[in-house]
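Residues 213 to 447 in the working numbering are what the sequence shown spells out, letter by letter.
Structure first, then comments.
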Amino acid sequence: MKLKIIGSGNIFSKYNSSSYLIDNKILIDVPNGTCKILKNVGIEPSKINHILITHFHGDHFLDMPFVLLNKIFDNSECTNIYCDSTGENKVYDITKLAFPNKVGKINNYFKYIYNDKFSIDEYEIEKILLEHEEGINAYGYIFYDNSQLIGFTGDSGFCNNIEEMAEKCDHLICDCNSIVGKKSHMGIDNLEELSMKYPSCNFYTTHMDDTTRKKLNELNMKNIIVLNDNDEFIF
Numbered sequence: 213m214k215l216k217i218i219g220s221g222n223i224f225s226k227y228n229s230s231s232y233l234i235d236n237k238i239l240i241d242v243p244n245g246t247c248k249i250l251k252n253v254g255i256e257p258s259k260i261n262h263i264l265i266t267h268f269h270g271d272h273f274l275d276m277p278f279v280l281l282n283k284i285f286d287n288s289e290c291t292n293i294y295c296d297s298t299g300e301n302k303v304y305d306i307t308k309l310a311f312p313n314k315v316g317k318i319n320n321y322f323k324y325i326y327n328d329k330f331s332i333d334e335y336e337i338e339k340i341l342l343e344h345e346e347g348i349n350a351y352g353y354i355f356y357d358n359s360q361l362i363g364f365t366g367d368s369g370f371c372n373n374i375e376e377m378a379e380k381c382d383h384l385i386c387d388c389n390s391i392v393g394k395k396s397h398m399g400i401d402n403l404e405e406l407s408m409k410y411p412s413c414n415f416y417t418t419h420m421d422d423t424t425r426k427k428l429n430e431l432n433m434k435n436i437i438v439l440n441d442n443d444e445f446i447f
């Protein structure tokens, strides 16, 4: 797997909002500015044919109308959208608000998949229900890639399924929004606990505010890697 970090910050950070590109063809989350960022790193948004959405907060899906616009103008292939069952209506609504004259073409370019398990090319993928804010279905994803497992938590507080992901995965890209964890987001205290309990897993921190990022860099823990925008990894 080739992983590129499109964004590693939260909405209040000077860093891009959290988003990840796998093998230049699979995008996890489509926050504000994603299409511009992809173009700046040489990737055409119209060529992304698989999008996984962790949850429907604005800083994780509000660039979807611009993905559609790129698809229309390039007459590109349909994109598979992996999300929860509310996704189709939510993406339709924001697209109608953004580009009312283009929304009629949305079904030509977006296909929605709600399965908890699915495959994309060589990857078997599992969708994991996590804990975020009340009324929001938030999911993580685990990619089964030959002999290794690579996980993405999206936004989540510390919970049993986060622990299960940490126990299973070789690499876990995980929410570390704040210094002290809370119900909706993990903090440095949660990551320290996980890193000590599961030393065989490498933890990659994302969705950070700038104060959290500074503190994490000062800690310099062995199996906690602090992500930056445009980082690249080969797993």
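Backbone N, C-alpha and C define an ideal beta-carbon position, used for all residues, glycine too.
These figures come from a predicted structure and were not determined experimentally.
Going by DSSP, Val303 is part of no beta strand (DSSP E) but of the alpha helix (DSSP H) stretching over 299–310. With the rule of 3 Cβ pairs closer than 8 Å, the region 291–307 counts as touching the region 262–272. For secondary structure counted as the alpha helix (DSSP H) over 4 or more consecutive residues, the region 351–417 holds these complete runs in sequence order: 372–380, 400–409. Counting the other CB atoms within 10 Å of its CB gives Phe224 a total below 16, which places it among the exposed residues. Put simply, the region 385–395 touches the region 416–428. At least three CB pairs are less than 8 Å apart. Phe447 places its beta carbon less than 8 Å from that of Asp357. In the structure shown, the three-state DSSP call for Lys226 is coil. Boundaries of the beta strand (DSSP E) around Tyr335: 335–342.
According to DSSP, residue pairing for His272 in a beta bridge does not occur.
Between Tyr232 and Ile337, the alpha-carbon positions lie close to 15 Å from each other. Straight through space, the alpha carbons of Arg425 and Asp382 are spaced by roughly 22 Å. Scanning the region 227–295 for uninterrupted alpha helix (DSSP H) segments of 4 residues or longer gives 246–252, 270–273, 276–286, listed from N- to C-terminal end.
Between the beta-carbon of Lys283 and that of Tyr321 there is about 4 Å, and that keeps the pair under the 8 Å contact cut. According to the DSSP assignment, Tyr324 belongs to the beta strand (DSSP E) that extends over 322–325.
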